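**Q**
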Amino acid sequence: DSPAVQVGALDGLNIMVTDDEPDTREMMKVLLNSHGAQVRTAASAQETLEHLKNGLADLLISDIGMPFVDGYELRRELTLLGFEMPSIALTAYTAPRDAQRAIEAGFDAHLPKPVDADSLLKMITKLARAK
Numbered sequence: 069d070s071p072a073v074q075v076g077a078l079d080g081l082n083i084m085v086t087d088d089e090p091d092t093r094e095m096m097k098v099l100l101n102s103h104g105a106q107v108r109t110a111a112s113a114q115e116t117l118e119h120l121k122n123g124l125a126d127l128l129i130s131d132i133g134m135p136f137v138d139g140y141e142l143r144r145e146l147t148l149l150g151f152e153m154p155s156i157a158l159t160a161y162t163a164p165r166d167a168q169r170a171i172e173a174g175f176d177a178h179l180p181k182p183v184d185a186d187s188l189l190k191m192i193t194k195l196a197r198a199k
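Adding 68 to a residue's 1-based position in the sequence shown gives its number in this note's numbering.
(1) Whole angstroms is fine: what's the gap from residue 105's alpha carbon to residue 191's?
(2) I want to know whether the segment 103-121 touches the segment 136-148 - three or more CB-CB distances under 8 angstroms.
(3) Could you check whether the Cβ of residue 186 sits closer than 8 angstroms to any Cβ belonging to chain B?
(4) How many Å lie between residue 121 and residue 162 at the Cα?
(5) Suppose you measure from the CA of residue 95 to the CA of residue 178; what does that come to, to the nearest Å?
(6) Whose CA, out of 101, 127, 107, 100, lies closest to the CA of residue 198?
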């Protein structure tokens, strides 16, 4: 088993977190900030698009099951608009078909909710290095 991700491992990384659940957004912000990341949060796909028009993110973490525009459609829309940052789907939809849909929509990874903090941090570190 690889060691835990070090505090400060995400220094300088700008992360966009999209989730319609306020508690999830807050938990993600606290977790990622504690490891050095700068975090912006959005409650919807539309809010995410507005944030990204005002400044790029190095990485996107998005819920899938959101009202109006789901995470799959958000990722496809971002690709069409030229936003090519690595992205992680965070979702309660955990069947193999759901993971496949996330990859087909343009996500680089699919992690189940409730999220395991160590798995998430390792995935962020891996994707940030590959960028």
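Even for Gly, the Cβ is constructed at its ideal location relative to N, Cα and C. None of these values were measured; they are calculated from a predicted model.
**A** In terms of the structure at hand:
(1) 14 angstroms
(2) yes
(3) Absent from the structure: chain B. Only one protein chain is present.
(4) Residue 121 and residue 162: Cα-Cα distance of roughly 31 angstroms.
(5) 18 angstroms
(6) Closest by alpha carbon: 127.
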